[in-house]
Amino acid sequence: MRRFANVYIVLFLIDAGLSLIDELLQVASSPMPVLTEIRFFVAHVVITLSMIFYACLGVDRRLPKRVFLPLTLFASWSALAMWPLSGLVAREVFGLTASISQVVVGTIAIILLRSLGGRNLLTEEQFQAPMFSLRNTLGFAAINLLLTPFVLIFTSLAVTSYYLEAQTAGFLRLSPVGVHMTERSYHLAQKEVRLVGMMHIGKEEYYEDLAKSIPKEGTIILAEGVTDQDRLLESQFNYSKLAGLIGLTSQDKMRLNGNAVALDGLGVDGQVIREPGKPDIANADIDLNRFEPKTIEFLNALGRSLFGDKPLAEGFVDYNLWIEDNMSEEGLAGVMFDILDKRNDAVIAGMVQTLKRYDTVIIPWGAMHMPAIEAAVLEQGFAPGKAQERLSLDFRTIPYGELWQKWSER
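Written out as structure tokens, the structure is:
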């Protein structure tokens, strides 16, 4: 066990050193791909050994927990992308921050080892006592049993946040406090594009703050909202029920005071007559008649299940059963193409059109649309500017007691 422990310490320090060197080279714009590959390989080995070694702490009482707990926990935290720290530190310096932190943790471990045995690694004298102790094992198991629910919740939040950040290009972030939405600005000459990540429900103050931040002159808002000219939907998608259940406001309640204009009527060289002190607002979405029949069928099933008179829990069950019986992977891919790609193409075309006559174009769309829209903005030659994050959903304000009571009554 002593040799295994010493090998683990050495590998942890090697991983820390490689990570720091690699990050410094990237900051200096002199990356070495071979070094990066070696770094990630060693990191995966350390993370795997950390999980094994953590269990060993409950078996071998001779292993100094004050030394190895920080090492194993840090490595495990790294496996979760160091959430929620990853959302608080700028992406440009996050890797460097993490590698410096690992060097600090490794240095502290060496200092503790020297204070215990006078050397940088574990000595044979420290392993003369019997390995197993029932008290150590039972105590270790009991503490971990108590912590398991919290670890599972933390891990679930971290994985969910990482997935959502990846899917939304960082426009949506999950933290222990709530759901954060990001607004980013982009600039080219005298033009500005503002991308505002949105979700269907959120704090009322979130929508109010967004509305107040919109410039009044020379501005157009490209609004989101699929129309239904042919009345293809059997029911309306109203998020007020879900929002009211957890004490929030639905996005459709957000009212932006502006001049309603149609993109088709803007022309290329004509002037838009504006009421002073108000931005223009145009719907930049598409109509349901451009969706495939299977997508319409999917949306109607979703509406019946989740937006009807049934309780949400029962509706989710019905929705999942319908998906299993009626949708294949190819069918779901077609649905996502309609819901995301076709609509992305529409708002991007609207952005290109309106940039010819407006100084500021604001696009407050769902966060899942933002990766494609942002890529189109950058392709136009715009440079990233400031970013602002707003708390859209605050977990601390959700009435958990009332929700539990309603659930229990059912």
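According to this note's numbering, the sequence shown is numbered sequentially starting from 29.
All C-beta atoms, glycine included, are put in the ideal place defined by N, C-alpha and C.
Can you tell me the Cα-Cα spacing of residue i and residue j, whole angstroms?
i, j, result
"residue 213", "residue 352", "41 Å"
"residue 251", "residue 294", "15 Å"
"residue 116", "residue 205", "12 Å"
"residue 299", "residue 310", "Residue confidence is low: residue 299 scores 48 on pLDDT, short of 50, so the model does not pin down where it sits. No coordinate-derived value is stated."
"residue 422", "residue 207", "7 Å"
"residue 138", "residue 148", "6 Å"
"residue 77", "residue 125", "23 Å"
"residue 186", "residue 175", "16 Å"
"residue 243", "residue 389", "10 Å"
"residue 36", "residue 215", "49 Å"
"residue 406", "residue 198", "16 Å"
"residue 132", "residue 44", "9 Å"
"residue 34", "residue 150", "6 Å"
"residue 120", "residue 68", "18 Å"
"residue 375", "residue 313", "6 Å"
"residue 292", "residue 339", "41 Å"
"residue 170", "residue 192", "34 Å"
"residue 240", "residue 345", "40 Å"
"residue 377", "residue 358", "27 Å"
"residue 177", "residue 334", "29 Å"
"residue 264", "residue 343", "15 Å"
"residue 105", "residue 79", "11 Å"
"residue 211", "residue 156", "60 Å"
"residue 31", "residue 153", "13 Å"
"residue 179", "residue 103", "15 Å"
"residue 350", "residue 319", "19 Å"
"residue 57", "residue 360", "42 Å"
"residue 408", "residue 218", "14 Å"
"residue 81", "residue 93", "11 Å"
"residue 427", "residue 327", "30 Å"
"residue 433", "residue 53", "56 Å"
For a quick check, are the C-beta atoms of residue i and residue j less than 9 Å apart?
i, j, result
"residue 39", "residue 73", "yes"
"residue 331", "residue 261", "yes"
"residue 123", "residue 51", "yes"
"residue 337", "residue 247", "no"
"residue 402", "residue 209", "no"
"residue 413", "residue 245", "no"
"residue 362", "residue 425", "no"
"residue 315", "residue 380", "no"
"residue 249", "residue 305", "no"
"residue 42", "residue 70", "yes"
"residue 48", "residue 136", "no"
"residue 399", "residue 195", "yes"
"residue 66", "residue 107", "no"
"residue 354", "residue 325", "yes"
"residue 364", "residue 159", "no"
"residue 234", "residue 419", "yes"
"residue 404", "residue 372", "yes"
For residue i, write down the residues that DSSP places opposite it in a beta bridge.
i, result
"residue 223", "212, 391"
"residue 309", "249, 288"
"residue 418", "209"
"residue 412", "214"
"residue 315", "255"
"residue 201", "208"
Roughly how far, in whole angstroms, is the beta-carbon of residue i from the beta-carbon of residue j, given that I think they are within contact range, below 8 Å?
i, j, result
"residue 109", "residue 190", "5 Å"
"residue 168", "residue 101", "Not a contact, Cβ separation roughly 14 Å."
"residue 307", "residue 203", "Contact flag wrong, Cβ pair sits at about 31 Å."
"residue 258", "residue 172", "Between residue 172 and residue 258 the Cβ distance is about 59 Å, and since that is not below 8 Å, they are no contact."
Looking at residue i and the ligand COA, is the gap between the Cβ and the nearest heavy atom below 8 Å?
i, result
"residue 88", "The model depicted lacks the ligand COA and carries no ligand whatsoever."
For residue i, would you say it is in contact with chain B, using Cβ-to-Cβ distances shorter than 9 Å as the test?
i, result
"residue 84", "Annotation note: the requested chain B is absent from the structure, which comprises a single protein chain."
Next on the checklist: Contact between the segment 352-372 and the segment 388-401 is defined here as three or more beta-carbon pairs at a separation below 8 Å; is this criterion met?
Outcome noted: As far as the Cβ criterion goes, the segment 352-372 touches the segment 388-401, which means the pair count is three or higher.
Checklist entry - Taking contact to mean at least 3 C-beta pairs separated by less than 8 Å, is the segment 141-159 in contact with the segment 216-224? => result no
Next on the checklist: Under 8 Å, with one C-beta from each stretch per pair, do the segment 156-168 and the segment 87-106 reach the 3-pair mark?
Outcome noted: Contact between the segment 156-168 and the segment 87-106 is present: 3 or more CB-CB pairs across the two stretches fall below 8 Å.
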